[in-house]
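Contents: one structure, followed by commentary.
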Amino acid sequence: MLLNIEKLKVEARGEEGWTPILHGADLQVAKGEVVGLIGESGAGKSTLGLAALGFAQGGLRFAGGRVIFDGTDLLQLPERQRRAFRGRRVAYVAQSAAASFNPAWRLLDQFCEGPAIHHTAGRAESEDFARRLYAAMHLPDPQNFGLRFPHQVSGGQLQRAMVAMAMACKPDLIVFDEPTTALDVTTQIGVLAAIRQAVETTGTAAIYITHDLAVVAQMADRIKVMRHGREVEDAPTRRMIEAPAQDYTRSLWAVREFRRPPRTLPQASAPTIGIREVTAGYSSLDVLSEVSFDIPRGATVAVVGESGSGKSTAARAITGLLPPRAGSIALNGTPLPPRLAQRTLEQKRAVQMIYQMADTALNPRQTIRQILSRPLQFYLGLTGRARETRLHELMEQIELEPARFLDRLPAELSGGQKQRIGIARALAADPEFIICDEVTSALDQLVAEGILRLLSKVQDETGVSYMFITHDIATVRAIADEVVVMKGGRVMDKGLRSEVLDPPRHAYTRELLASVPQMDPDWLTRRIAEGRIAEGAA
Amino acid sequence: MSAAEARRRPILRMIAGRLGIGVFTLFVISVLIFLAVSLLPGDIAQQVLGQSATPETVAAFRRELGLDQPLAWRYLDWVGGVLSGDFGRSLANGRPVADLLAARLGNTLFLAAYAAVIAVPLAVGLGLLAALWRGSWFDRIANVATLSAISFPEFFIAYILMFWLSVRMGWFPSIADPGASPRLAEMLGRAFLPAITLVLVVTAHMMRMTRAAVVNVLGAPYVTMARLKGVSRWRVVTRHALPNALAPIVNVVALNVAWLITGVVIVEVVFVYPGLGQLMVDSVTNRDIPVVQACALIFAAVYILLNLLADVLAIATNPRLLHPR
Numbered sequence: 044m045l046l047n048i049e050k051l052k053v054e055a056r057g058e059e060g061w062t063p064i065l066h067g068a069d070l071q072v073a074k075g076e077v078v079g080l081i082g083e084s085g086a087g088k089s090t091l092g093l094a095a096l097g098f099a100q101g102g103l104r105f106a107g108g109r110v111i112f113d114g115t116d117l118l119q120l121p122e123r124q125r126r127a128f129r130g131r132r133v134a135y136v137a138q139s140a141a142a143s144f145n146p147a148w149r150l151l152d153q154f155c156e157g158p159a160i161h162h163t164a165g166r167a168e169s170e171d172f173a174r175r176l177y178a179a180m181h182l183p184d185p186q187n188f189g190l191r192f193p194h195q196v197s198g199g200q201l202q203r204a205m206v207a208m209a210m211a212c213k214p215d216l217i218v219f220d221e222p223t224t225a226l227d228v229t230t231q232i233g234v235l236a237a238i239r240q241a242v243e244t245t246g247t248a249a250i251y252i253t254h255d256l257a258v259v260a261q262m263a264d265r266i267k268v269m270r271h272g273r274e275v276e277d278a279p280t281r282r283m284i285e286a287p288a289q290d291y292t293r294s295l296w297a298v299r300e301f302r303r304p305p306r307t308l309p310q311a312s313a314p315t316i317g318i319r320e321v322t323a324g325y326s327s328l329d330v331l332s333e334v335s336f337d338i339p340r341g342a343t344v345a346v347v348g349e350s351g352s353g354k355s356t357a358a359r360a361i362t363g364l365l366p367p368r369a370g371s372i373a374l375n376g377t378p379l380p381p382r383l384a385q386r387t388l389e390q391k392r393a394v395q396m397i398y399q400m401a402d403t404a405l406n407p408r409q410t411i412r413q414i415l416s417r418p419l420q421f422y423l424g425l426t427g428r429a430r431e432t433r434l435h436e437l438m439e440q441i442e443l444e445p446a447r448f449l450d451r452l453p454a455e456l457s458g459g460q461k462q463r464i465g466i467a468r469a470l471a472a473d474p475e476f477i478i479c480d481e482v483t484s485a486l487d488q489l490v491a492e493g494i495l496r497l498l499s500k501v502q503d504e505t506g507v508s509y510m511f512i513t514h515d516i517a518t519v520r521a522i523a524d525e526v527v528v529m530k531g532g533r534v535m536d537k538g539l540r541s542e543v544l545d546p547p548r549h550a551y552t553r554e555l556l557a558s559v560p561q562m563d564p565d566w567l568t569r570r571i572a573e574g575r576i577a578e579g580a581a
Numbered sequence: 007m008s009a010a011e012a013r014r015r016p017i018l019r020m021i022a023g024r025l026g027i028g029v030f031t032l033f034v035i036s037v038l039i040f041l042a043v044s045l046l047p048g049d050i051a052q053q054v055l056g057q058s059a060t061p062e063t064v065a066a067f068r069r070e071l072g073l074d075q076p077l078a079w080r081y082l083d084w085v086g087g088v089l090s091g092d093f094g095r096s097l098a099n100g101r102p103v104a105d106l107l108a109a110r111l112g113n114t115l116f117l118a119a120y121a122a123v124i125a126v127p128l129a130v131g132l133g134l135l136a137a138l139w140r141g142s143w144f145d146r147i148a149n150v151a152t153l154s155a156i157s158f159p160e161f162f163i164a165y166i167l168m169f170w171l172s173v174r175m176g177w178f179p180s181i182a183d184p185g186a187s188p189r190l191a192e193m194l195g196r197a198f199l200p201a202i203t204l205v206l207v208v209t210a211h212m213m214r215m216t217r218a219a220v221v222n223v224l225g226a227p228y229v230t231m232a233r234l235k236g237v238s239r240w241r242v243v244t245r246h247a248l249p250n251a252l253a254p255i256v257n258v259v260a261l262n263v264a265w266l267i268t269g270v271v272i273v274e275v276v277f278v279y280p281g282l283g284q285l286m287v288d289s290v291t292n293r294d295i296p297v298v299q300a301c302a303l304i305f306a307a308v309y310i311l312l313n314l315l316a317d318v319l320a321i322a323t324n325p326r327l328l329h330p331r
């Protein structure tokens, strides 16, 4: 057994002393084996993964158990000797390569640092190894790729460069911590293929941490499901997928099955929002080029595309934060002034927004009552008893108990609850149209599903229209009436959900759908065999 | 244009832009200095010649000084002189201002360099150690010690040092005149007390900024990543964190070095050190307008130049600007 973690306990420093976050977790990895770790955020996956390097993040400490790597208990070693393992015997690949590469160093220097401090290879030798790995990872111009700085490289390439860096000392075990979560599906597939190939050719063992079941199904020989710092289930991949033993595992599997029934929308004379040939961008760069689509009254229109496709720029143009260079945006058939400052209070009230990161979108120093009261007073002039009544209605609408939550601060709420407050704040203005910008992508699948159900319910009750910005096809299938597919600032296809997606009408939509990992463990193998993975794709 | 040139262009353009702004600022300041000095109460000619001078001699002297000319013309005359290196003549002793300044400026720069050479490495080093061992006793002691040093008025520190190291021990002279042309070692010994006083005053600020900037970067994912590669903590701080924390540190260092050149009048007075600050104060008392103007202009230029340098260095440490896509 290469790695044997036994009854590991980890505690976090809280306001009232240390609280346990791992309650005696076990994890075994054999030589050359790939173990998948899945669970929602807070399950302790990353903590367990980092423990394989004998490392506890800031504010955490090991409180018991053993981490035996190749016969040595890392927890018994002093820091200096643990360091000799890190990078050399056990390497780590972080979620965000963009944040995990030092912005002041060239990629090649960061690659060569590990071999240099561990004295595993000379500079020339490790440079040569780096170039070979860059080539194997299909990175462009592998001879000179390492001379670039992190900001000069795209996200997918950077993530592959990080996989290469992890292999610099030829480690026995690599911990992959959500390595593709921050990537677009079309980029993700290339990185997945690169990781798979790297692991297979070198025979290194791996721990693959993710919250995406379909991804882990492609990568792992064995899957361990975790929840609240405890193991729920541990089984070989195929058995886990075909016959999960635990209810919690089954519920994870079922999440993707939420479907809103197709609806017939009432025919209204004018769409809530009509976008006509809008061109917009920053400085000299056009991010949107002649984009036109409608948001019919009471409908949910999903806008899908990779990062950089112009989805969020379209939202900024509609809200008036980024006045378009050309084209027009109409609300109920009446053109909206391009700048937010020129719009009337009534026009501002009609268009509201829910943000991806509820954490940063809510003022941490205001109570929920203050956060929700502001739009009630500002847009509707509600005060006193009337405002209090409306506050209670809103809280009930988002299914949070008013008495329990109104006087709390955002920090006291979970991620899903915070996002519900974000929804309530948008609803407080009594809007006709809400832009939902990746509102579920920072949430775990179960929580995300709850948010999607809530948004559907609110739409049925109030008749509000949604523009749903997302890169997740499963979300689109779950909630959208109509779909707009964007790429490079242009609309590729638009129409009813069934027309656009089932079967995919446009070539780019086909590519997008084909890149979404499937639960079938052979999906990636098939895709690689088909040779459809764009080599060196950004 | 070659590819390399095209890549360097943004930073060159940025530096040229900063230089332009610096020159413009200096121009505005020269106008302000000139206006402020011309608003000083009292008639200079009267002041210089004394109460007993006849109105005719005063008028003649005013003409000689050009004081009968309009303000704008006098300003242009002064600026024109400055641009060609002529700062005019001292009213007190008739010597060229440039000669007066040259000696004093050399002394001031010597003292500032002396203090900076000790203070900057000391402050940055202490800041790095405090960041490395943050929360430890070292961190706390370094903080308390440097804060105490900055909390006392500088003349107080100066007199304490003078009392102990000069009067009691007799190790260093209390009057710190570097003299005409002694050997370097002798100059360093004579200027030791004022230099060390200045070091005590400026270290805290730079140290705390170094610590804060580095600690801020230590939370970054790439620092965790470096530790997970097996990099030692000291190497993490110096090689991974410091390069990304340089911009704020460089700015504070520049501000403090500028202060060492322009803000040390009190220390100069205490140690009777013949620097620019003292010259300026004396000249204000004597109504020696050309010298006052020249000193003020030099101080302004030093501030602008050092801040400009800090800006450029801060830009140069940012790989995004240095190596555009």
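Protein chains in written order, with this note's numbering: chain F, 44 to 581; chain P, 7 to 331.
Glycine included, C-beta positions come from ideal geometry on N, C-alpha and C.
| request: Pair every Cβ in the region 512-521 of chain F with every Cβ in the region 330-341 of chain F, then say whether three or more of these pairs are closer than 8 Å. | output: Not touching, per the Cβ criterion.
| request: Classify His-162 of chain F as helix, strand or coil using the three-state DSSP reduction. | output: In the first sequence, counting from the first residue as 1, residue 162 of chain F sits at position 119. Three-state result, His-162 of chain F: coil.
| query | Where does Lys-50 of chain F sit, in a helix, a strand or coil, going by DSSP? | reply | Taking the first residue of the first sequence as position 1, residue 50 of chain F is located at position 7. Residue state, collapsed to three classes: strand.
| Residues, ordered as in the chain, of the region 99-110 of chain P that lie near chain F by beta-carbon distance below 9 Å | Under the 9 Å Cβ criterion, the region 99-110 of chain P contributes no residue.
| request: Grab me the residues of Glu-578 of chain F's own chain with a C-beta within less than 7 Å of its C-beta, minus the 5 sequence neighbours each way, in chain order. | output: Here residue 578 of chain F is taken as the residue at index 535 of the first sequence, counted from 1. Low confidence applies here, because Glu-578 of chain F scores a pLDDT of 47, under 50, leaving its location unreliable; read the following figure in that light. If you ignore the 5 residues before and after Glu-578 of chain F, its C-beta comes within less than 7 Å of the C-beta of His-181, all in its own chain and listed in chain order.
| message | Output needed for Arg-319 of chain F: all residues of its chain with C-beta closer than 8 Å, excluding positions within five of it in sequence on either side, in chain order. | response | Here residue 319 of chain F corresponds to residue number 276 of the first sequence, with the count starting at 1. For Arg-319 of chain F, where only same-chain residues beyond five positions count, the Cβ hits under 8 Å are Ser-335, Gly-370, Ser-371, Ile-372 and Ala-373.
| According to the neighbour-count rule (16 or more other Cβ atoms, all chains shown, within 10 Å of its Cβ), is Ala-12 of chain P buried or exposed? | Working through the second sequence from its first residue, we reach residue 12 of chain P at position 6. Model confidence at Ala-12 of chain P stands at a pLDDT of 46, short of 50, so the residue's coordinates are unreliable and nothing is read from them.
| message | So Arg-417 of chain F contacts chain P; which residues on that side make the cut at Cβ distance below 7 Å? | response | Residue numbering aside, residue 417 of chain F sits at position 374 when the first sequence is read from its first letter. By Cβ distance, chain P contributes nothing, its closest Cβ being about 31 Å from Arg-417 of chain F, past 7 Å.
| task | Return the chain-ordered list of same chain residues with a C-beta closer than 7 Å to the C-beta of Ile-414 of chain F, the five sequence neighbours on each side being excluded. | result | Numbered from 1 along the first sequence, position 371 holds the residue referred to as residue 414 of chain F. The beta carbon of Ile-414 of chain F lies closer than 7 Å to those of Leu-405, Asn-406, Ile-464 and Arg-468 in the same chain, with the five residues before and after it left out.
| query | Short check: CB of Met-269 of chain F to CB of Val-275 of chain F, under 8 Å? | reply | As a position in the first sequence, residue 269 of chain F is number 226, starting the count at 1. As a position in the first sequence, residue 275 of chain F is number 232, starting the count at 1. Result yes, Cβ atoms of Met-269 of chain F and Val-275 of chain F sit closer than 8 Å.
| task | Mind the definition here: the region 182-189 of chain F touches the region 128-145 of chain F only if three or more C-beta pairs lie below 8 Å; say whether that holds. | result | Contact annotation: the region 182-189 of chain F does not touch the region 128-145 of chain F, with fewer than three C-beta pairs closer than 8 Å.
| message | To the nearest angstrom, how far is the alpha carbon of Arg-417 of chain F from that of Leu-70 of chain F? | response | Sequence index remark: in the first sequence, residue 417 of chain F carries index 374 (1-based). Sequence index remark: in the first sequence, residue 70 of chain F carries index 27 (1-based). Arg-417 of chain F and Leu-70 of chain F have their C-alpha atoms roughly 49 Å apart.
| said: Along the region 141-161 of chain F, where does the CB come closer than 7 Å to a CB of chain P? Name the residues. | reply: Cβ contacts with chain P come from Ala-142, Ser-143, Phe-144, Asn-145, Pro-146, Ala-147, Glu-156, Gly-157, Ile-160 and His-161.
| said: According to DSSP, simplified to helix, strand and coil, what is Leu-567 of chain F? | reply: As a position in the first sequence, residue 567 of chain F is number 524, starting the count at 1. Correct three-state label for Leu-567 of chain F: helix.
| message | Let me see if you follow: with CB-CB separation under 8 Å, is Arg-570 of chain F close to chain P or not? | response | Numbered from its first residue, the first sequence carries residue 570 of chain F at position 527. Output row for Arg-570 of chain F: interface = no.
| Other residues of its chain near Asp-536 of chain F: CB distance less than 7 Å, five sequence neighbours each side excluded | What you label residue 536 of chain F is simply residue 493 of the first sequence in a count that begins at 1. Spatial neighbours of Asp-536 of chain F in its own chain (CB-CB distance under 7 Å, excluding positions within 5 residues in sequence) are listed in chain order as Val-528, Val-543, Arg-548, His-549 and Thr-552.
| task | Using a Cβ cut-off of 8 Å (strictly closer), state whether Gly-60 of chain F contacts chain P. | result | Position 17 of the first sequence, counted from the start, is the residue given in the question as residue 60 of chain F. Residue-level contact by beta carbon fails for Gly-60 of chain F and chain P, as no gap is shorter than 8 Å.
| task | Please say whether Val-78 of chain F and Ile-250 of chain F have beta carbons closer to each other than 8 Å? | result | Stepping through the first sequence from its first residue, residue 250 of chain F is reached at position 207. Stepping through the first sequence from its first residue, residue 78 of chain F is reached at position 35. Contact annotation: Ile-250 of chain F and Val-78 of chain F have beta-carbon atoms nearer than 8 Å.
| said: Cβ closer than 8 Å: which chain P residues qualify as neighbours of Leu-96 of chain F? | reply: In the first sequence, counting from the first residue as 1, residue 96 of chain F sits at position 53. Neighbours of Leu-96 of chain F on chain P, chain order: Leu-234.
| So, is the C-beta of Ala-278 of chain F closer than 8 Å to a C-beta in chain P? | Counting from 1 along the first sequence, the entry for residue 278 of chain F is found at position 235. Not an interface residue.
| request: Starting from the C-beta of Arg-101 of chain P, find all residues in its chain whose C-beta is less than 8 Å away, skip the five residues before and the five after it, and write them out in chain order. | output: Counting from 1 along the second sequence, the entry for residue 101 of chain P is found at position 95. Arg-95.
| Using DSSP with H/G/I as helix, E/B as strand and the rest coil, what is Pro-366 of chain F? | Position 323 of the first sequence, counting from 1, holds the residue named residue 366 of chain F. Coil, per DSSP.
| query | Within 10 angstroms of its Cβ, does Trp-143 of chain P collect 16 or more other Cβ (buried), or is it exposed? | reply | Counting from one through the second sequence, the residue named residue 143 of chain P turns up at place 137. Its Cβ having fewer than 16 others within 10 Å, Trp-143 of chain P is exposed.
| Phe-448 of chain F versus Glu-431 of chain F: straight-line alpha-carbon distance, rounded | Taking the first sequence and counting its residues from 1, the one referred to as residue 448 of chain F is at position 405. Taking the first sequence and counting its residues from 1, the one referred to as residue 431 of chain F is at position 388. Across the structure, Phe-448 of chain F and Glu-431 of chain F are spaced so that their CA atoms are roughly 14 Å apart.
| query | Three-state secondary structure (DSSP) at Thr-223 of chain F? | reply | On the first sequence, residue 223 of chain F is found 180 positions in, with the first residue counted as 1. Residue state, collapsed to three classes: coil.
| request: Give every residue of the same chain whose Cβ lies closer than 8 Å to the Cβ of Gly-107 of chain F, excluding the five residues on either side of it in the sequence, and list them in chain order. | output: As a first step, residue 107 of chain F is located in the first sequence; it is residue number 64 there, counting from the start. Answer for Gly-107 of chain F: Lys-50, Leu-51, Lys-52 and Gly-67, listed in chain order.
| message | Quick test of your reading: Phe-476 of chain F and Ala-393 of chain F, contact by CB under 8 Å. State the CB separation rounded to the nearest angstrom. | response | Within the first sequence, the letter at position 433 stands for residue 476 of chain F. Within the first sequence, the letter at position 350 stands for residue 393 of chain F. The Cβ separation is near 6 Å, so the contact holds.
| said: Which residues in chain F have a C-beta closer than 9 Å to the C-beta of Val-221 of chain P? List them in chain order. | reply: Your numbering for residue 221 of chain P matches position 215 in the second sequence. At a C-beta separation below 9 Å, Val-221 of chain P has no neighbours in chain F, since its nearest C-beta there lies roughly 12 Å away.
| query | Between which two residues does the beta strand (DSSP E) containing Tyr-422 of chain F stretch? | reply | Residue numbering aside, residue 422 of chain F sits at position 379 when the first sequence is read from its first letter. For Tyr-422 of chain F, there is no enclosing beta strand (DSSP E); the enclosing alpha helix (DSSP H) covers residues 411-423.
| Reference Gly-28 of chain P, options P:Leu-328, P:Leu-312, P:Asn-324 and P:Leu-327, closest by Cα | In the second sequence, residue 28 of chain P corresponds to position 22, counting from 1. It is P:Leu-312 whose Cα lies nearest to the Cα of Gly-28 of chain P.
| message | Assuming contact is defined by CB atoms lying nearer than 8 Å, are Val-130 of chain P and Ile-255 of chain P in contact in what I supplied? | response | Here residue 130 of chain P corresponds to residue number 124 of the second sequence, with the count starting at 1. Here residue 255 of chain P corresponds to residue number 249 of the second sequence, with the count starting at 1. Yes, the Cβ-Cβ distance between Val-130 of chain P and Ile-255 of chain P is below 8 Å.
| request: Please state whether DSSP places Gln-71 of chain F in a helix, a strand or coil. | output: What you label residue 71 of chain F is simply residue 28 of the first sequence in a count that begins at 1. Gln-71 of chain F falls in the strand class under three-state DSSP.
| task | Would you please state the rounded distance, in angstroms, between the beta carbons of Gly-130 of chain F and Leu-234 of chain P? I believe it to be under 8 Å. | result | As a first step, residue 130 of chain F is located in the first sequence; it is residue number 87 there, counting from the start. As a first step, residue 234 of chain P is located in the second sequence; it is residue number 228 there, counting from the start. Leu-234 of chain P and Gly-130 of chain F do touch by the CB rule: their CB atoms are close to 7 Å apart, below 8 Å.
| query | Would you say Thr-230 of chain F and Gly-199 of chain F are within 8 Å of each other, going by their C-beta atoms? | reply | On the first sequence, position 187 is the one that residue 230 of chain F refers to. On the first sequence, position 156 is the one that residue 199 of chain F refers to. Contact annotation: Thr-230 of chain F and Gly-199 of chain F have beta-carbon atoms nearer than 8 Å.
| request: Compare the C-beta of Tyr-332 of chain P against all C-beta atoms of chain F and say whether one is closer than 8 Å. | output: The requested residue 332 of chain P does not occur in the structure, where chain P is confined to residues 7 to 331.
| Expressed to the nearest angstrom, what Euclidean distance is found between the alpha-carbon atoms of Arg-306 of chain F and Ala-263 of chain F? | Numbered from 1 along the first sequence, position 263 holds the residue referred to as residue 306 of chain F. Numbered from 1 along the first sequence, position 220 holds the residue referred to as residue 263 of chain F. Computed Cα separation, rounded: 39 Å.
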